[in-house]
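Using our numbering, the first residue of the sequence shown is number 147, and each one after it goes up by one.
For glycine and all other residues, C-beta sits at the position ideal for the given N, C-alpha and C.
It should be emphasised that the depicted structure is a prediction, and the values quoted were computed from it without experimental measurement.
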Amino acid sequence: MASTQLVVLCTCPDEQTARRLAGEVVEAGLAACVNIIPGLTSVFFWEGQVQSDSEQLLVIKTSDVAYSQLEEHLAGSHPYDLPEVIACPIERGLAGFLDWITEQTRHLPKGD
């Protein structure tokens, strides 16, 4: 069965956290590439009230093969109690780039 490529969104509280998580998931083969987008303002309902925070957004390119381990890593390594982790399938894209995502996330270490 062919792999499906995904874009995963994950917000981070600061640049240090964003860079750390991005490096960890690429190094572990859980993502082919991560873009870090600074300067976001998130407005959300949490603990009974509307809150607003500055954040950085990770745009993670991965595959369905690696997603479960990626999600587990983000949930376990993220400083938030409930981190945003949203996966969206990539329906179209440059074939070579999509193949590269699959190739980079295909060889996951055993037992991780």
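Item	Value
Check whether the Cβ atoms of H219 and V171 sit closer than 8 angstroms, and answer yes or no.	yes
Per DSSP, S200 is paired with what?	T187
Which residues bound the alpha helix (DSSP H) around L116?	With the chain running from 147 to 258 in the structure shown, residue 116 is simply not present.
Using C-beta distances below 8 angstroms, list every residue in its chain close to T187, excluding the 5 sequence neighbours before and after it, in chain order.	S198, D199, S200 and E201
Is the beta carbon of L240 less than 8 angstroms from the beta carbon of Q151?	no
State the Cα-Cα distance for the pair V211 and G175, rounded to the nearest angstrom.	11 angstroms
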